[in-house]
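In what follows, a single structure is set out as structure tokens and then discussed.
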Amino acid sequence: MQRASIIDWASSVYEDLDFGAARAWLADHPGRMACGFLPVYAPREIVWGAGMLPVAIWGGGDRVEIIKGDAFYQSYICHLPRSVIELGQSGKLDFLSAMLFPSTCDVIRNLSGIWRMLHPEVYVRYLDLPQVLDASTGGAFWRAEMEILSRELGERAGMAPDAARLREAIGLYNEVRHVLRELYRVRRERPWALPTSELYVLIRAGEVVPPQVFLDKARAYLATVEASDARPKDRARVVVVGAFCEQPPLGLIKTIERAGCYIVDDDFVLGNRFLTADVAIDGDPWQALSDAFITSAVKSSVLYEDDPGGKRALIAAQVEASKAEGVIFAAPSFCDPALLDRVMLRAGATAHQIPQISFRYAENTGQFQPFREQAGTFADSLKLWGGAA
Amino acid sequence: MSQAEKDRSMQLQKDMIGAHFKRLERAPESGEKVVYTFVPGNLTELILSFGALPVLPEVNALQSGLRGKSREYIAEAEKAGHSEDVCTYVKCDIGMMKKGNISPTGTRLPRPDLLLLSYTGCYTFMKWFELLREEYDCPTVFLHVPYQGEGKVTPEHRDYMVRQLRDKVIPALEQVTGRAYDEDKLRELLGKSRTAEDDLVATLHAAKHKPSPIDSLFGAVYYVGPIFSSFRGTQDAVDFYAALRAEVEERVRLGQGPVTPEGQLDEQKYRLVVEGTPNWTSFRDFWKMFYDEGAVVVASTYSKVGGLYDLGFRHDPSDPLGTLADYCAGCYTNLSLPSRVQLLVDYIRDYDANGFVINSVKSCNSFSAGQLMILREVEKRTGVPGAFIESDLVDPRYFSAANIKNRLESYFQMIDARAPVSGRVGVAA
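Line order of the protein sequences matches chains A and B.
First residue of the first sequence: 0, per my numbering; consecutive thereafter.
First residue of the second sequence: 47, per my numbering; consecutive thereafter.
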């Protein structure tokens with residue numbers, strides 16, 4: 000496959016708010032169903048293991064005009080839920096038989112209730128992620144929650160929960176995790192050969208297509224990147240933090256890159272990398288998923304940080320691992336998780352003398368010039384006066 | 047309206063709070079341990095059973111708002127990097143701490159010996175105590191209370207909470223206080239809670255009378271103060287609620303309305319159900335907008351954030367940890383949106399309300415996200431028109447008096463146009 004054709008495919012899937020790829024899969028698999036899920040983390044293995052196609056719902060970005068969605072939210076609520084409502088009210092999500100709402104924040108939590116009332120025909124479940132990360136309490140709770148989810152999705156899909164099928168799904172998603180880690184590794188090592196604007200549309204496309212389709216495209220893309228002879232440019236290496244839920248418009252990512260930055264790590268679309276290690280494929284698969292969550296869930300704003308020094312150490316660790324020179328804190332407006340965390344993360348970055356800037360965006364932000372100036376000045380300052388020690 | 051008088055129970059409460067803050071101030075010398083925690087899902091009896099003193103940061107924040115201090119505190123927190131987009135309770139609390147941690151009563155608040163993070167119905171709580179931990183460098187223990195997404199507390203969720211109480215929270219309290227868990231003591235305190243809860247519910251239910259002897263929002267914030275904060279399980283709380291109940295029953299007997307800052311409100315033209323928190327920075331002005339129009343709040347959801355006792359829950363001394371789990375899971379903000387809608391619909395029917403108002407506060411996504419859906423659903427199911435107004439908890443920049451007054455006046459005119467109600471007497475339901 001040609002690199003350009005892969006990115007063209009990914010872009011078209013990413014931009015398609017009618018979810019044509021998912022609808023096509025349903026048409027090709029009569030009797031099968033699709034299950035949507037909101038950011039940040041939902042166990043896709045459970046959904047796929049129940050015979051449903053997991054479809055991430057990341058809102059409408061800058062590609063949908065909000066007409067009905069604004070009637071549901073006050074001006075001081077973030078933008079994501081209003082575009083999700085807009086998609087739902089305009090029939091663009093009518094192919095979904097189920098919707099999952101993870102415990103990301105109170106807005107997404109309450110959206111689960113709105114969805115129940117607006118779409119009584121859809122199976123709706125709020126996913127309360129475990130906040131006490133030990134096996135005997137949080138682990139046992141999460142295992143029980145996933146078992147219930149398996150059973151109820153299975154009832155909806157007409158498939159009884161099946162350990163073997165779930166193990167197969169875990170194996171498939173282990174491959175997805177592996178490919179994602181590879182993509183992020185290569186970008187970290189050769190960001191000039193793997194621009195984030197390409198990586199981003201590829202992983203966004205992967206959120207709404209069957210896992211095997213993503214694996215084929217991503218592996219082919221990786222091969223073209225490996226073969227690339229692109230040469231490094233004099234750019235600043237930065238980490239982008241805070242964009243794990245409501246996503247920035249693609250134009251903003253491109254703007255950061257064009258302003259002279261290589262994005263070498265980020266938390267975009269974080270749910271697909273939420274488990275940082277492979278999940279065991281032997282034994283009880285529900286237990287394996289629970290154990291993986293307890294032992295390898297990524298540090299993020301949606302989980303309680305038990306380690307008192309954890310927040311302050313987080314950015315320094317990310318910067319060191321990615322050999323970044325600075326950090327861009329990019330949070331959606333009115334995003335409680337990102338904005339409340341930002342104070343602690345910035346304090347940690349400051350303590351480690353890591354250069355940083357911060358700004359807020361919305362998924363439908365259309366004016367990029369201020370970001371370009373800010374990111375450009377930041378990149379220049381990193382190149383002129385040096386970055387993180 | 048007749049002349050304003052202060053109820054005896056209000057003086058009792060003032061004395062209780064004053065004494066508590068003095069005790070807190072002396073804690074560094076007396077050696078009493080101090081546990082910070084939150085109102086929804088508070089484990090006051092458990093904390094008290096270890097001889098420790100609770101501090102409720104939200105209560106300090108709202109008191110700072112009432113006393114005109116919050117603007118300065120919020121500015122202090124924003125200067126330190128906190129976003130203008132986030133909860134003003136958090137910023138008010140952090141600003142107060144940075145300004146020396148002087149409590150709303152003027153006494154100095156001690157540092158916490160333990161942050162007991164009861165994660166009940168509000169995402170921000172988690173970040174709030176992560177932030178406080180940065181400042182205080184003290185132990186934190188986390189209690190995860192599952193949200194009632196499915197509209198019920200499952201046995202598995204209850205077991206999960208009880209396990210955490212037994213394996214995490216109690217050992218943390220033992221560690222900090224140096225005392226062993228005393229279940230008999232806890233049972234004794236829970237028994238007192240139950241007595242006080244009976245009297246609180248009798249007080250709240252009195253609003254079914256016409257005229258209502260209480261205001262279930264502006265008055266109820268005083269009524270729920272002791273039981274939502276540091277006093278549940280104490281003899282002081284038992285005495286307070288017995289006195290309160292007697293006062294309210296006497297008002298019912300005399301056919302009197304609630305006492306407002308400008309006198310007794312006997313002529314009640316509008317019986318309202320209110321969803322959402324009050325605004326604290328202009329609390330009296332806000333209340334005046336209601337009683338000036340002859341509007342009394344007969345039921346509110348805010349007065350249930352620390353427990354839905356009016357639906358039947360009582361602390362059960364025979365199952366100390368299980369009952370604490372039930373209590374935490376049942377707080378109002380831990381209910382699903384459909385359950386909140388149903389509660390409002392029931393209140394409108396049970397209290398014979400002819401209007402309902404949503405006060406949506408910018409700070410609180412737990413309350414506010416979804417309130418426009420609540421508005422349309424409640425209107426649809428009851429046929430009662432709703433009003434939607436916007437303000438904030440403790441940030442005075444977001445209280446636009448003229449705007450809110452205009453909306454309320456228009457709303458009352460609309461109620462008049464649709465179904466005039468006046469001069470009703472008797473008992474509803």
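Even glycine gets a Cβ: it sits at the ideal position worked out from N, Cα and C.
Ends of the alpha helix (DSSP H) at residue i?
| i | result |
| --- | --- |
| A:Ala55 | Run containing A:Ala55: none in the alpha helix (DSSP H); it sits in the beta strand (DSSP E), 51-55. |
| B:Val387 | 383-396 |
| B:Cys40 | Outside the shown range of chain B (47 to 475) lies residue 40 of chain B, about which nothing can therefore be said. |
| A:Tyr172 | 162-188 |
| B:Phe413 | 411-414 |
| A:Leu198 | 195-205 |
| B:Val81 | It is not in any alpha helix (DSSP H) - B:Val81 instead sits in the beta strand (DSSP E) that spans 80-82. |
I'd like the list of long-range same chain contacts for residue i, defined as Cβ closer than 6 Å, with 5 residues on each side in sequence excluded.
| i | result |
| --- | --- |
| A:Trp285 | Arg142, Met145, Glu146 |
| A:Gln88 | Lys67 |
| B:Ala341 | Tyr316, Leu318 |
| A:Ala276 | Ser295 |
| B:Arg339 | Checking the sequence, you will find Glu at residue 339 of chain B rather than Arg. Only Phe458 meet the Cβ criterion. |
| B:Val105 | Ser275 |
So what does DSSP say about residue i, is it helix, strand or coil?
| i | result |
| --- | --- |
| A:Glu319 | helix |
| B:Thr428 | helix |
| A:Val240 | strand |
| B:Phe171 | helix |
| B:Gln109 | helix |
| A:Ser96 | strand |
| A:Ala296 | strand |
| B:Gly251 | With the sequence shown as reference, residue 251 of chain B is identified as His, and Gly is not the correct amino acid for it. DSSP places B:His251 in helix when its eight states are reduced to three. |
| A:Met32 | strand |
| A:Ile356 | strand |
| B:Gly401 | strand |
| B:Ala474 | Because B:Ala474 carries a pLDDT of 40, less than 50, the predicted location of this residue cannot be relied on, and no value is offered for it. |
| A:Thr376 | helix |
| B:Leu189 | strand |
| A:Ile76 | coil |
| B:Pro324 | coil |
| B:Ile435 | strand |
| A:Ser89 | coil |
Could you tell me how far apart the beta carbons of residue i and residue j are, in whole angstroms, since I believe they sit closer than 8 Å?
| i | j | result |
| --- | --- | --- |
| B:Asn405 | B:Val298 | Actually they do not touch by this definition, with Cβ atoms about 27 Å apart. |
| B:Ala253 | B:Ala345 | 6 Å |
| A:Phe358 | A:Phe370 | 6 Å |
| A:Ile280 | A:Gly170 | 5 Å |
| A:Leu179 | A:Asn271 | 6 Å |
| A:Tyr122 | A:Glu151 | 7 Å |
Just to confirm the assignment, what range does the beta strand (DSSP E) spanning residue i have?
| i | result |
| --- | --- |
| B:Asn147 | Run containing B:Asn147: none; DSSP gives neither H nor E here. |
| A:Phe328 | 325-331 |
| B:Leu160 | 160-165 |
| B:Arg317 | 316-321 |
| B:Ser346 | 341-346 |
| B:Pro481 | Limits of chain B in this structure are 47 at one end and 475 at the other, which puts residue 481 of chain B out of reach. |
| A:Asp264 | 260-265 |
| A:Arg124 | 122-126 |
| B:Tyr206 | Not the beta strand (DSSP E): B:Tyr206 falls in the alpha helix (DSSP H), residues 201-210. |
Ignore the nearest five residues each way along the sequence and tell me which others in residue i's own chain have a CB closer than 7 Å to its CB.
| i | result |
| --- | --- |
| B:Ser468 | Unreliable positioning characterises B:Ser468 in this predicted model, as indicated by a pLDDT of 46, which lies under 50. A coordinate reading is not provided. |
| B:Gln210 | Leu189, His190 |
| A:Glu372 | none |
| A:Glu256 | Pro194, Thr195, Ser196, Ile262 |
| B:Ser414 | Ser406, Val407 |
| B:His66 | Ser276 |
| B:Gln109 | Pro150 |
| B:Tyr227 | Ile216, Glu220 |
| B:Tyr355 | Glu243, Leu246, Val247 |
Enumerate in chain order the residues of its own chain whose CB-to-CB distance from residue i is below 8 Å, with the five nearest sequence positions on each side excluded.
| i | result |
| --- | --- |
| A:Ala361 | Cys77, His78, Glu245, Pro331, Ser332 |
| B:Glu118 | Gly141, Lys145 |
Three CB pairs or more closer than 8 Å across the segment 298-313 of chain B and the segment 83-91 of chain B: no
Stretch-stretch touch, CB-based, cutoff 8 Å, three pairs: the segment 102-119 of chain A with the segment 159-173 of chain B: yes
Segment contact, 8 Å Cβ cut-off, at least three pairs: the segment 203-218 of chain A with the segment 161-174 of chain A: The segment 203-218 of chain A, when compared against the segment 161-174 of chain A, does touch it at the 8 Å Cβ threshold.
Segment contact, 8 Å Cβ cut-off, at least three pairs: the segment 357-372 of chain B with the segment 231-247 of chain B: yes
Cβ pair count under 8 Å reaching 3, the segment 150-160 of chain B against the segment 82-100 of chain A: Too few Cβ pairs lie closer than 8 Å, so no.
The segment 306-326 of chain A in contact with the segment 334-354 of chain A per 3-pair CB rule at 8 Å: yes
Contact between the segment 300-309 of chain B and the segment 279-286 of chain B (3+ Cβ pairs under 8 Å): no
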